[in-house]
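What follows is one structure encoded as structure tokens, with my remarks underneath.
In my numbering, the protein residues as written are 13 to 334.
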């Protein structure tokens, strides 16, 4: 009841998830319920020349966790859900934020990128990221603990010109993600354990995302985006790279280029939202509940909603329609 009362006084902020939120079957129940979702999936299939339904609902060839397919799949589910909210609850994006890949979904919701161009961009982005570092050379690890201020020092002490480890995701005050050369990431995990600074666990990923090792991918993306049109938009978006607020007049494609080899400042982005808005409802638009959890860990008083399944989507529609 508190959430329903709050919606009348609050600003709605749409949050769009990134890689790690995918699962086989994502979007299936909402696909069966809403024609907006069916149309979005068909559009994605036509643009990429694959069956987005099979990829998301069945994944018979085990491609969903390959980044070149993960990225357009999550973008498709997020866009399908957003279009459903937009059409059926008569809401529009005015303040958005996306986690890594999710920044593309956020831009689609604002009308800054066409869905077709976003699909092509994230598909290429995934391919470029995988090409940048051979499989097995890079690695990532999640850190959980209360010594986040010391982890950067650990990374600096371990890193050399030929073997780097960096903080690449500031997800919440107690959760960071490290990325870089496998040898350096493994060493950082050992040091964290030895010094009892918290827990560090290797992540099952195919490349060291957002680390400086992704610079070749950023170069490729810069060239690719020259053929993609970024439209002016009327809302606001917080960029991952600096946690600053951008408008249609100030956001540029260079932000998307820089994002590939820069840290995701998610904690800082949520704090910025809290500072900017007196009261807000944070709606996670896409598969999973990751961003809701991070929001509650960062801003204890945050009101959050998700769209991770049909019941959740219907709940959000019910509240936003009031």
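From the three backbone atoms N, C-alpha and C, an ideal C-beta is built for every residue, glycine too.
- Shown here, residue 313 sits in coil according to DSSP, grouped into three states, outside any helix or strand.
- Taken in chain order, the complete alpha helix (DSSP H) segments of 4 or more residues contained in the region 34–104 are 40–43, 47–60, 64–69 and 79–101.
- Between residue 156 and residue 211, the C-beta gap is smaller than 8 Å, which places the two residues in contact.
- Remark: C-beta atoms of residue 79 and residue 223 do not approach each other more closely than 8 Å.
- Between residue 145 and residue 84, the C-beta gap is not smaller than 8 Å, which leaves the two residues out of contact.
- With distances taken between CA atoms, residue 259 lies nearest to 244 out of 216, 244, 101 and 97.
- Separation of the CB atoms of residue 132 and residue 170 is rounded to 38 Å, and the pair is thereby denied contact status at 8 Å.
- With the rule of 3 Cβ pairs closer than 8 Å, the region 297–316 does not count as touching the region 69–78.
- Contact between residue 93 and residue 276 is ruled out by a C-beta separation of about 21 Å, above the 8 Å threshold.
- In terms of CA proximity to residue 27, 319 leads the group 319, 329 and 207.
- Between the region 281–288 and the region 190–206 there are fewer than three C-beta pairs closer than 8 Å, too few to call the two in contact.
- In terms of Cβ geometry, residue 187 and residue 154 form a close pair [threshold 8 Å].
- Collapsing the DSSP output to three states places residue 227 in a helix.
- Taking every protein chain shown into account, the CB of residue 227 has fewer than 16 other CB atoms within 10 angstroms, so this residue is exposed.
- Classified as exposed, residue 58 has fewer than 16 neighbouring CB atoms from the shown chains inside 10 Å of its CB.
- The Cβ atoms of residue 332 and residue 25 lie no closer than 8 Å to each other.
- Burial is judged here by how many other beta carbons sit within 10 angstroms of a residue's own beta carbon; residue 143 has fewer than 16 and is exposed.
- By a beta-carbon distance limit of 8 Å, residue 46 does not contact residue 64. Their separation comes to about 15 Å.
- When C-alpha distances from residue 196 are compared across 178, 136 and 182, the shortest belongs to 178.
- For the pair residue 49 and residue 96, the CB atoms are nearer than the 8 Å cut-off.
- Here the C-alpha atom of residue 173 lies approximately 11 Å from the C-alpha atom of residue 225.
- Nearest in C-alpha terms to residue 134, of all of 313, 269, 278 and 176, is 269.
- Note: residue 187 is bridge-paired with 156 and 184 in the DSSP secondary-structure output.
- In the same chain as residue 119, and ignoring 5 residues on each side of it, the C-beta atoms closer than 6 Å to its own belong to 125, in chain order.
- Taking a C-beta distance under 8 Å as the contact criterion, residue 247 and residue 159 do not qualify as a contact pair.
- In this structure, DSSP gives residue 241 a state outside helix and strand, which the three-state scheme calls coil.
- In the assembly as shown, residue 230 is a buried residue. Its beta-carbon has 16 or more other beta-carbons within 10 Å.
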